[in-house]
Amino acid sequence: APGATLAQQTEGTKAFLTFHFQTLKDDFEHTVIDDSRQAGIPMEIIVGKLFKIEVWETLLTSMRIGEVAEFWCDAIHTGMYALVSKGMRRIAEGKDPLEGQKHRCGMGNMFDYHSTGYADLDELQRAPQPLIFIMELFKVDDPSSYKRDTWAMNKEEKLSAVPVLHSEGNRLVLLKRYQEAAAKYQEAVICLRNIQAKEKPWAEDWLSLEKLITPLVLNYCQCQLELGEYYEVLEHTTDLLQKNKENVKAYFKRAKAHAAVWNEKEAREDFLRVAQLDPSLAAAVKKELRLLGETMREKRVEDRQRYQGLFHHYQCRTAESPGRGPRARLR
719 APGATLAQQT
729 EGTKAFLTFH
739 FQTLKDDFEH
749 TVIDDSRQAG
759 IPMEIIVGKL
769 FKIEVWETLL
779 TSMRIGEVAE
789 FWCDAIHTGM
799 YALVSKGMRR
809 IAEGKDPLEG
819 QKHRCGMGNM
829 FDYHSTGYAD
839 LDELQRAPQP
849 LIFIMELFKV
859 DDPSSYKRDT
869 WAMNKEEKLS
879 AVPVLHSEGN
889 RLVLLKRYQE
899 AAAKYQEAVI
909 CLRNIQAKEK
919 PWAEDWLSLE
929 KLITPLVLNY
939 CQCQLELGEY
949 YEVLEHTTDL
959 LQKNKENVKA
969 YFKRAKAHAA
979 VWNEKEARED
989 FLRVAQLDPS
999 LAAAVKKELR
1009 LLGETMREKR
1019 VEDRQRYQGL
1029 FHHYQCRTAE
1039 SPGRGPRARL
1049 R
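Per this note's numbering, the sequence shown runs over residues 719 to 1049.
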């Protein structure tokens, strides 16, 4: 019903809530501890899934969609806040939010007073205190429509997501939606890198994951070429070539990026390396080298004309004031 609270609308059902929050200390200055808008990541919980800060579910379900409300909570309800905040901050920093919590039981986590890595959260963990939460509930979904973020997936879920993301990226490329396609490839790479980070470098499992990562990075680079992000292509292809100096596709894409930013010598070297590694691409390389030569000649002509124009402009200005000598120094 219009105007009904979320609790009234979803009574007897579960709901997936998306909201922004700001956490303040209950001190004179109302010191800000966290602000999800500033971090750029909204919070998400499913009602009835025993979220670490249980009182948040009560607060949110008392609200209406689009409402902003302020709540004061006693220390008895804020004891787990430091752990929740740590996870949110690590996500915003692009890190694994669960790192350091693996292989521990729930009770072990509750009584773990090791440093969170953040001085203000360590203070809250040692001595829980009343906090003020300002919340904005802006989205409510059916939990069945919830698509988990990759950071929240376990290893098996991430491995299952990769081919789906790869396929979605390929479909978007066919539609020439390169920005969206690049995001899909990037998400797939992040899934695999996260798994790979837990393997011993250059061990068999690490290498197997690298073989899955490489084509995704190459596809990502192709999208960046189409989008004109040439320096990003140079960075990623160089990284691939440091791991495998015979990656023909990486040399070819790097050569194209070098050519686009006028690095003639480097582009020629990479194109020639492509032909050396894969003679079947000799004709394609010959075509690219011809285009590179034409482009560089045109650039040199344009540069020469530009410099001549600047020199002519300077001569004209000098001719207009032939008697002007050095200015007297002011004293």
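We treat Cβ as the ideally placed atom computed from N, Cα and C, and that holds for glycine.
Just so you know, these numbers come straight off a predicted model, no measurement behind them.
For V765 and K857, the rounded distance between their alpha carbons: To locate residue 857, count along the sequence shown from 1; it is residue 139. To locate residue 765, count along the sequence shown from 1; it is residue 47. Answer to the nearest angstrom: the Cα atoms are 13 Å apart.
So is I913 buried or exposed if we call it buried at 16+ other beta carbons inside 10 Å? By 1-based counting over the sequence shown, the position of residue 913 is 195. Buried.
Simplified DSSP state of M1057, which is helix, strand or coil: Shown here, the chain extends from 719 to 1049; a query on residue 1057 therefore has no answer.
Nearest CA to the CA of I751: which residue from I759, L742 and E886? Taking the sequence shown and counting its residues from 1, the one referred to as residue 751 is at position 33. With distances taken between Cα atoms, I751 lies closest to L742.
Since L934 and H884 should fall inside the 8 Å C-beta cutoff, what is the C-beta to C-beta distance between them, to a whole number of angstroms? For this step, residue 934 is matched to residue 216 along the sequence shown. For this step, residue 884 is matched to residue 166 along the sequence shown. In this structure, L934 and H884 form a Cβ contact; the two beta carbons are roughly 6 Å apart against a cut-off of 8 Å.
Between R895, M761 and L1007, which lies nearest to E944 when the distance is taken from Cα to Cα? In the sequence shown, counting from the first residue as 1, residue 944 sits at position 226. Ranking the options by Cα distance to E944, first place goes to R895.
Name the residue from K918, V773 and R807 whose alpha carbon lies nearest to the alpha carbon of H795. For the purposes of this step, residue 795 is identified with residue 77 of the sequence shown, where counting begins at 1. Measuring C-alpha to C-alpha distances from H795 to each of K918, V773 and R807 identifies V773 as the nearest.
C-alpha distance - Q904 paired with K770, whole-angstrom precision: Numbered from its first residue, the sequence shown carries residue 904 at position 186. Numbered from its first residue, the sequence shown carries residue 770 at position 52. In a straight line, the C-alpha of Q904 is about 30 Å away from that of K770.
Inter-residue Cα distance where the pair is Q942 and A900: If you number the sequence shown from 1, residue 942 lands on position 224. If you number the sequence shown from 1, residue 900 lands on position 182. Taking C-alpha positions only, Q942 is separated from A900 by approximately 7 Å.
Where Y938 falls, given that 16 or more other Cβ within 10 Å makes a residue buried: In the sequence shown, counting from the first residue as 1, residue 938 sits at position 220. Under this definition Y938 is a buried residue.
Cβ separation of A800 and Q843, assumed to be a contact under 8 Å, to the nearest whole Å: Translated into the one-based positions of the sequence shown, residue 800 becomes position 82. Translated into the one-based positions of the sequence shown, residue 843 becomes position 125. About 4 Å separates the two Cβ atoms, so the contact holds.
With 16 other Cβ atoms within 10 Å as the buried cut-off, status of G887: Here residue 887 refers to the residue found at position 169 of the sequence shown. Counting every other CB atom within 10 Å of its CB across the protein chains shown gives G887 a total of 16 or more, marking it as buried.
Straight-line CA distance for V786 to E1016? Taking the first residue of the sequence shown as 1, we reach residue 786 at position 68. Taking the first residue of the sequence shown as 1, we reach residue 1016 at position 298. When the Cα atoms are used, V786 and E1016 turn out to be separated by approximately 59 Å.
Going by C-alpha to C-alpha distance, which of A837, E982 and L735 sits closest to M1014? As a position in the sequence shown, residue 1014 is number 296, starting the count at 1. Of A837, E982 and L735, the smallest CA-CA separation from M1014 is found for E982.
Kindly list the residues whose CB is nearer than 6 Å to the CB of A977, restricted to its own chain and excluding five residues on each side of it in sequence; keep chain order. Walking along the sequence shown from the start, residue 977 turns up at place 259. Within the same chain, A985 and L1010 come within 6 Å of A977 by CB-CB distance, once the 5 residues on both sides are set aside.
Can you tell me the Cα-Cα spacing of K971 and R1024, whole angstroms? As a first step, residue 971 must be located in the sequence shown, where it is residue number 253. As a first step, residue 1024 must be located in the sequence shown, where it is residue number 306. One C-alpha to the other measures close to 31 Å.
Can you have a look at L788 and say buried or exposed, based on whether 16 or more other CB atoms are within 10 angstroms of its CB? Here the question's residue 788 lines up with position 70 in the sequence shown. It is worth fixing the name first, because residue 788 is Glu in this sequence and not Leu. Label assigned to E788: exposed.
In terms of residue numbering, what span does the beta strand (DSSP E) encompassing T776 cover? To locate residue 776, count along the sequence shown from 1; it is residue 58. In the DSSP assignment, T776 falls outside any beta strand (DSSP E) and lies within the alpha helix (DSSP H) extending over E772 to L778.
Return the first residue and the last residue of the beta strand (DSSP E) that T736 is part of. Working through the sequence shown from its first residue, we reach residue 736 at position 18. Counting along the chain, the beta strand (DSSP E) containing T736 begins and ends at F734 to K743.
Measure the alpha-carbon distance for K967 versus R991 and round it to whole angstroms. Position 249 of the sequence shown, counting from 1, holds the residue named residue 967. Position 273 of the sequence shown, counting from 1, holds the residue named residue 991. When rounded, the separation of the alpha-carbon atoms in K967 and R991 is 11 Å.
I need the straight-line Cα distance from K876 to L839, nearest angstrom please. Against the sequence shown, residue 876 aligns to sequence position 158. Against the sequence shown, residue 839 aligns to sequence position 121. Note on geometry: alpha-carbon atoms of K876 and L839 lie some 30 Å from one another.
Where does I913 fall in DSSP's three states? Position 195 of the sequence shown, counted from the first residue, corresponds to residue 913. I913: helix per DSSP, three-state reduction.
Bridge partners - W790, DSSP secondary structure assignment: Looking up residue 790 in the sequence shown gives position 72. According to DSSP, which records beta bridges pairwise, W790 is partnered with I850.
Candidates T749, F734 and K929: closest to L778 by CA position: Looking up residue 778 in the sequence shown gives position 60. Residue F734 is the option with its Cα nearest to L778.
Within 8 Å, strictly: CB atoms of T736 and P760: Counted from its first residue, the sequence shown places residue 736 at position 18. Counted from its first residue, the sequence shown places residue 760 at position 42. Yes, these two residues count as a Cβ contact at 8 Å.
Rounded C-beta distance between F989 and E1006? I'm assuming under 8 Å. Walking along the sequence shown from the start, residue 989 turns up at place 271. Walking along the sequence shown from the start, residue 1006 turns up at place 288. Yes, they are in contact, since the Cβ atoms of F989 and E1006 sit about 5 Å apart, within 8 Å.
Outcome for G805 when other beta-carbon atoms lying within 10 angstroms are tallied against a minimum of 16: Residue numbering aside, residue 805 sits at position 87 when the sequence shown is read from its first letter. Of the other Cβ atoms in all chains shown, 16 or more fall within 10 Å of the Cβ of G805; this residue is therefore buried.
Quick one: Cα of R911 to Cα of L927, how far? Against the sequence shown, residue 911 aligns to sequence position 193. Against the sequence shown, residue 927 aligns to sequence position 209. The alpha-carbon atoms of R911 and L927 are separated by roughly 8 Å.
Under 8 Å between C-beta atoms of M781 and L849: Against the sequence shown, residue 781 aligns to sequence position 63. Against the sequence shown, residue 849 aligns to sequence position 131. Contact check for M781 against L849 fails: the beta carbons are separated by 8 Å or more.
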